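Since the structure comes first, as structure tokens, the remarks are kept for the end.
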Amino acid sequence: MRKISRRTVFAAAFALAAPAAFAQDAAKDGPGPNLVLEIGGSVTGKVVIDLDTADAPKSAERLEKLATEGKYDGVVFHRVIDGFMAQTGDVQFGKRGGDTSMAGMGGSSLPDLPAEFSNKPFVRGTVGMARSSDPNSGNSQFFIMFASAPHLDGQYTVVGHVISGMDVVDKIKKGDSAQNGAVQDPDYIVKATVEK
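Read left to right, the sequence shown gives residues -23 to -1, 1 to 173 (mature numbering (1 follows the signal peptide of the UniProt record, and there is no 0)).
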């Protein structure tokens, strides 16, 4: 299973109550390559993510590789929880136009990655690697934070942060909280590219 645990979902209420000081946009472009997501569906626009090759080199390399190979093209945002995060990247079960009922349970054909925990906090705009209960199970899925979630700090790999397009992220179609954020007719990544 490649989803954030149910315990984390219930802890999302804590993120909703986080002080406004933690809800800033992370908008500084660092030295890493940029993952560019063209979003389609109920919202259209571009999201640019600066990948953290210093603190999460293996995870950043994985996202870059999958994007360069076109694996993220057409992949849905299968789990979106208002006030918490939007999750995508299941290249195995999350392709738009097919059966996405298993979206969130798959990864890529590549091996799972070791955890690359850092002291970077999960704030608005942070991009984290999704995983199962095993910390070393990140693969292809990732999530973008709508708001701060300190309970995730040091528990998930921070692979980057949004440097532009948070207004697009904010409008990604939300899922049903009673269904763990599962989205009906979800928005999706039209195309993912990498800019050096």
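For glycine and all other residues, C-beta sits at the position ideal for the given N, C-alpha and C. Since the model is a prediction, treat every value here as computed from it, not as a measurement.
Exposure of residue i, with buried meaning 16 or more beta-carbon neighbours within 10 Å
i	result
Q156	exposed
D164	buried
Q161	exposed
L87	exposed
S117	buried
T65	buried
M79	exposed
E41	buried
S19	exposed
V115	Here the sequence assigns Gly to residue 115, which means Val is not the residue at that position. Buried is the call here.
E93	buried
A31	exposed
K72	buried
P8	exposed
Residue i - partner residues in DSSP beta bridges
i	result
Q64	R56 and F120
E15	K23 and K168
L28	G137
residue 251	No answer is possible for residue 251: it lies beyond the span of the chain, which begins at -23 and ends at 173.
Backbone secondary structure at residue i - three-state DSSP
i	result
K5	coil
K168	strand
A159	strand
A46	Here residue 46 is Glu; the residue named in the question, Ala, does not match the sequence. In this structure, E46 counts as coil in the three-state DSSP scheme.
K35	helix
S(-19)	Per-residue confidence for S(-19) stands at a pLDDT of 39, beneath the threshold of 50, marking its modelled position as unreliable; no derived number is given.
Residue i versus residue j: straight-line alpha-carbon distance, rounded
i	j	result
G102	E46	25 Å
S154	V135	24 Å
K98	E15	The identity of residue 98 in the sequence shown is Pro, whereas the question assumes Lys. Each residue's alpha carbon lies about 26 Å from the other.
L12	A63	16 Å
S125	G60	9 Å
D43	Y49	Reading off the sequence, residue 43 comes out as Leu, not Asp. Those two C-alpha atoms are separated by around 7 Å.
Q68	R39	In the sequence under discussion, the amino acid at residue 68 is Val, which differs from the Gln named in the question. One C-alpha to the other measures close to 12 Å.
T21	H138	19 Å
A33	F54	22 Å
I140	T170	15 Å
residue 183	I26	Summary: the structure shown does not reach residue 183, with the chain confined to residues -23 through 173, and so no result is reported for it.
G158	I121	14 Å
G142	K148	10 Å
V52	G105	17 Å
I166	G17	6 Å
Contact with chain B by residue i, beta-carbon distance below 7 Å
i	result
M62	Among the chains of the structure shown, chain B does not appear; only one protein chain is present.
Quiz prompt | Sequence ranges, alpha helix (DSSP H) only - wholly within the stretch 78 to 154, length at least 4 | solution = Annotation: the stretch 78 to 154 contains the following complete segments of the alpha helix (DSSP H) (minimum length 4 residues), in chain order: 143 to 147.
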